[in-house]
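Quick notes on the structure that follows.
Residue numbers (this note's numbering): 226 to 402.
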């Protein structure tokens with residue numbers, strides 16, 4: 226018993242002595258040669274050291290990056306019209322049942338345990354069977370919050386899809402009458 230306590234005391238003293246020796250002699254053993262860090266503040270007239278001021282950037286001739294800015298093409302926004310309703314395809318993953326459900330704007334449709342409300346459906350002017358965008362509120366019985374609320378796009382159903390373990394729903398097209 227005494228020898229065990231004596232051995233632990235000796236081990237404790239030896240370990241603290243080794244730790245003190247390491248702390249006391251710390252120097253740049255690796256001899257990295259790293260000097261002090263020099264901080265250069267940004268000047269008021271330029272963007273960092275050697276940069277150009279806003280006035281200097283605006284005064285550059287129409288070459289270089291400015292030429293590239295003029296070569297940028299933009300996309301025109303397509304005109305859309307609002308439909309009177311929407312046709313939504315709904316899939317019950319549990320039973321495999323699929324059905325196309327027409328919903329009039331402002332109305333609600335129920336299918337199984339799912340309830341869908343259409344706020345608006347938009348389509349390209351002159352092409353009602355084209356790319357439809359529908360704003361939907363979808364809720365499921367027994368769940369307080371909507372399982373989906375937002376725009377669904379018929380050409381890209383995965384872009385903003387309803388995420389539910391039992392039901393899938395996607396927009397087919399807007400109705401105009």
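We put the beta carbon where it would ideally sit given N, CA and C, even for glycine.
Counting of Cβ neighbours within 10 angstroms places residue 328 among the buried residues, the total reaching 16 or more.
In the three-state DSSP reduction, residue 280 falls in the helix class (H, G or I). The distance from the Cβ of residue 348 to that of residue 357 is about 5 angstroms, consistent with a contact at the 8 angstroms cut-off.
By the Cβ test, the stretch 386 to 400 is in contact with the stretch 305 to 315, since at least three Cβ pairs between them sit closer than 8 angstroms. Taking 9 angstroms as the cut-off, the beta carbon of residue 350 is found no closer than this to the beta carbon of residue 380. For residue 341, the enclosing beta strand (DSSP E) starts and ends at 339 to 349.
One alpha carbon belongs to residue 302, the other to residue 330, and they sit about 24 angstroms apart. In this structure, residue 362 lies near residue 374, with their beta-carbon atoms less than 9 angstroms apart.
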